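Here is the structure we will look at, set down as structure tokens.
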Amino acid sequence: MRSVVVLGGGIVGLTMARELRGRGVEVELLESRRIGTGATAASTGILTPPQHTRTPFYQLRTLAWHSWPQFADDLAIETGIDVGYRRCGGIDIRERTMRNPQREVRKLRNSGGRVEVLTGAEIRQLLPQMVRTPEAGLRVEMEARIDPLATIEALRQSCLASGVRIREDLGPIRIEPQGAAGIHLAGRQDLQLEQPSEHRKVVLAAGWESATAALAVPPSPLPLEPVPGEAIALDIEAPPHLVHFNVDLSGFRDASGNRSIYSWIPAPDGSSWLGNSVASGHRNGVDPRNAVEPTREGHQELVEVALSMFGPGVENRITDHRAGIRPKATRHGGPLLGMWPGRPQLWVATGHYRAGLLVGPATATMVVDSMLDGTEIPEEFCVPV
Ligand SMILES: Cc1cc2nc3c(=O)[nH]c(=O)nc-3n(C[C@H](O)[C@H](O)[C@H](O)COP(=O)(O)OP(=O)(O)OC[C@H]3O[C@@H](n4cnc5c(N)ncnc54)[C@H](O)[C@@H]3O)c2cc1C
């Protein structure tokens, strides 16, 4: 294969482009807005290790978890940018953990690191900024975080340095069928897109908008749902570990199954992030296509979450508010990866939902292995016919 076009400049598209270029393929990355304006830039960079390897998705998550330190080191060597990978560990003070810490310890026995029960007093000593008084909790060694913005910048620089051609601000690009098994690209008239051919394949990595981009290509639509999410930044000193907790928010529907679980996250600059809301695509009638900007409702929800953690006055300590739309694959099994059924020129890498930062780089390797060497992708990830 001589050349590949990648659509989308989030973590998935950028890691695809870098991986392909690293294997000697000419790559052009087309971005309808600017690199890093999608879900990746809104995310809070939590890398959660899987607790088992019983399904292909959890096997992929395990591979991804173990690959991240090397991936971060490689990017630092290539670009001089520290992408903020820190194995900071986590503290779990969710209600069910407090009710039965030993059961949660058993669940994490294969996590590969230490898991210890902490008393309420020990937790309060570790987290003096918190007004809660948990009775007990767990400290879990195997949790990590990265800096999403630094990661995007490092990937962009790595791609450019290796010769990936990046074109931004192109407006939406559509994929249309051509004949029984071909495709072509369509967009604004002035784009002058070089068309796919037997030697020039296309990878669709446009996040939640991938379904729209390929709406005309059968079998359509791609089973993908937009799930808006928001997070805030606070000028509160970073906790030493990620902190996971419950909040019972009576005024907010939990339509997408966040199970009232939120996280307090050490931000790369030493302050804190708090997230992540998981709105239903149609929460209160909000069209998800308009929800890329932070919403008033998202703000209210996260202020209530912050009040439950830090007490009155916390509203005045919010320094940033970000929003993004996660691409959720609606068929069971994990992200949508591999060749589009019956269209060998078109490949897909999307549907990473809440784990794109964790598994994005590993999925890029999996898809590129399949494109270049014919390695089989587990059926669970394939686009259903
Ligand atoms: C608030 C929030 C917190 C999160 N926290 C975490 C976390 O802690 N850990 C984790 O692992 N994941 C997290 N996620 C999920 C993660 O952000 C996503 O899974 C991941 O970013 C998806 O990456 P992507 O490259 O597929 O999509 P995106 O980052 O959305 O990138 C897609 C890109 O494609 C472009 N595009 C769209 N249409 C076209 C087109 N037709 N042609 C060309 N380009 C196009 C867009 O402009 C965009 O730049 C979070 C998400 C949110 C919203």
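Going by this note's numbering, the sequence shown opens with residue 22, and the numbers climb by one from there.
Just so you know, even glycine gets a beta-carbon here, dropped at the ideal spot from N, CA and C.
The structure displayed is predicted, hence computed values, not measured ones.
If you compare alpha carbons, which of the options is closest to residue i?
| i | options | result |
| --- | --- | --- |
| glutamine 237 | Arg221, Ile196, Glu246 | Checking the sequence, you will find alanine at residue 237 rather than glutamine. The option with the nearest alpha carbon to alanine 237 is Ile196. |
| threonine 118 | Arg343, Ile282, Leu323, Gly359 | Ile282 |
| tyrosine 79 | Leu148, Ala376, Pro90 | Ala376 |
| glutamine 150 | Gly354, Leu176, Gly355, Arg338 | Arg338 |
| threonine 386 | Thr61, Arg82, Thr74, Thr65 | Arg82 |
| glutamate 251 | Lys128, Pro217, Asp341, Gly158 | Asp341 |
| asparagine 297 | Arg75, His73, Val326 | Val326 |
| histidine 73 | Leu129, Arg108, Arg124 | Leu129 |
| proline 315 | Gly332, Glu137, Ile253, Glu40 | Ile253 |
| glycine 203 | Glu125, Arg364, Gly291, Thr58 | Arg364 |
| arginine 209 | Ser241, Arg107, Val389, Gly192 | Gly192 |
| valine 223 | Arg127, Arg135, Glu156, Met392 | Met392 |
| valine 335 | Ile144, Gly141, Leu255 | Leu255 |
| proline 247 | Asp168, Gly228, Glu156, Arg343 | Gly228 |
| glutamate 49 | Ala60, Met37, Gly59, Thr58 | Met37 |
| histidine 353 | Val404, Val104, Thr396, Leu148 | Val404 |
| alanine 350 | Phe331, Arg317, Ala232 | Ala232 |
| valine 26 | Glu397, Asp211, Gln366 | Gln366 |
| arginine 54 | Pro261, Ile194, Leu139, Ala300 | Ile194 |
Under 7 Å between the Cβ atoms of residue i and residue j?
| i | j | result |
| --- | --- | --- |
| serine 329 | valine 268 | yes |
| proline 348 | glycine 372 | yes |
| glutamate 189 | glutamate 47 | no |
| isoleucine 67 | arginine 221 | no |
| glutamine 213 | histidine 205 | no |
| alanine 235 | leucine 245 | no |
| serine 132 | proline 70 | yes |
| serine 293 | histidine 265 | no |
| serine 183 | alanine 383 | no |
| glutamate 401 | proline 77 | yes |
| valine 185 | glycine 111 | no |
| glutamate 137 | leucine 263 | no |
| leucine 159 | proline 122 | yes |
| valine 65 | isoleucine 286 | Sequence check: residue 65 is threonine here, not valine. Yes; because the gap between Cβ atoms is below 7 Å, this pair is in contact. |
| threonine 414 | serine 218 | No answer is possible for residue 414: it lies beyond the span of the chain, which begins at 22 and ends at 406. |
| glycine 134 | glutamate 156 | no |
Report the CB separation of residue i from residue j in whole angstroms; it is logged as a contact under 8 Å.
| i | j | result |
| --- | --- | --- |
| glycine 319 | alanine 63 | Rounded, the Cβ-Cβ distance is 11 Å, inconsistent with contact. |
| isoleucine 173 | leucine 181 | Not quite, the Cβ-Cβ distance comes to about 13 Å (not below 8 Å), so this is no contact. |
| glycine 381 | isoleucine 32 | 4 Å |
| alanine 171 | isoleucine 98 | So it is not a contact: roughly 15 Å between Cβ atoms. |
| valine 291 | glutamate 258 | Before going further, note that residue 291 is glycine rather than valine in the sequence given. Correct: roughly 7 Å between the Cβ atoms. |
| alanine 85 | leucine 379 | 5 Å |
| valine 389 | leucine 41 | 6 Å |
| proline 198 | proline 239 | 7 Å |
To which residues does DSSP link residue i through a beta bridge?
| i | result |
| --- | --- |
| alanine 237 | The partner list for alanine 237 (beta bridge, DSSP) is empty, contrary to what the question assumes. |
| leucine 96 | DSSP, once it has assigned bridges, lists no residue as partnering leucine 96. |
| arginine 347 | Val248 |
| methionine 360 | Trp368 |
| threonine 65 | BP columns for threonine 65 are empty, so no partner. |
| tryptophan 86 | Partner(s): none; tryptophan 86 has no beta bridge. |
| tryptophan 229 | Bridge partners of tryptophan 229: none, in fact. |
| glycine 203 | Gln199 |
| glycine 111 | Val161, Leu263 |
Quick check: is any heavy atom of ligand 2 less than 6 Å from the C-beta of residue i?
| i | result |
| --- | --- |
| glycine 184 | Of the ligands this structure carries, namely ligand 1, none is ligand 2. |
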